[in-house]
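Visitor:
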Amino acid sequence: MKKFFGWLFIIAGAGNFLRVFSMASDGVSHSGGQNIGGILFFAIGFIGLGVWMINSSKKTDDNLPSKQ
9 MKKFFGWLFI
19 IAGAGNFLRV
29 FSMASDGVSH
39 SGGQNIGGIL
49 FFAIGFIGLG
59 VWMINSSKKT
69 DDNLPSKQ
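For the sequence shown, position 14 matches number 22 in the working numbering, and the numbering has no gaps at all.
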């Protein structure tokens with residue numbers, strides 16, 4: 009489940025990157041008052057969260073009691 013949400017966050021972050029690049033190609037003055045920096049920060053955060061979730065799903069917790 010964690011891996012699924014990780015990929016979902018990565019895809020959402022990539023979509024926001026595409027949104028930022030399309031807004032930047034139109035020109036900052038024609039972006040309709042959108043906050044390009046905020047959207048870019050949001051995209052980087054989503055991609056980072058997705059990568060962290062995928063990587064942490066592979067780890068085992070050493071603090072859990074072992075099954076006998």
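Where a beta carbon is used, it is the ideal one built from N, C-alpha and C, also for glycine.
DSSP on Asp70, reduced to helix/strand/coil?
Guide: Residue mapping note: residue 70 aligns to position 62 of the sequence shown, counting from 1. Of the three classes helix, strand and coil, the one that applies to Asp70 here is coil, per DSSP.
Visitor: Are Gly58 and Trp15 closer than 8 Å when you measure CB to CB?
Guide: Position 50 of the sequence shown, counted from the first residue, corresponds to residue 58. Position 7 of the sequence shown, counted from the first residue, corresponds to residue 15. In contact: Gly58 and Trp15 (Cβ atoms closer than 8 Å).
Visitor: Hey, out of Ser65, Asn71, Asp70, whose CA is closest to Phe13's CA?
Guide: As a first step, residue 13 must be located in the sequence shown, where it is residue number 5. Closest option to Phe13, Cα to Cα, is Ser65.
Visitor: What whole-angstrom Cβ distance do Phe29 and Phe54 have, given they're in contact under 8 Å?
Guide: On the sequence shown, residue 29 is found 21 positions in, with the first residue counted as 1. On the sequence shown, residue 54 is found 46 positions in, with the first residue counted as 1. Rounded, the Cβ-Cβ distance is 15 Å, inconsistent with contact.
Visitor: Return helix, strand or coil for Met31, following the three-state DSSP convention.
Guide: Stepping through the sequence shown from its first residue, residue 31 is reached at position 23. Residue state, collapsed to three classes: helix.
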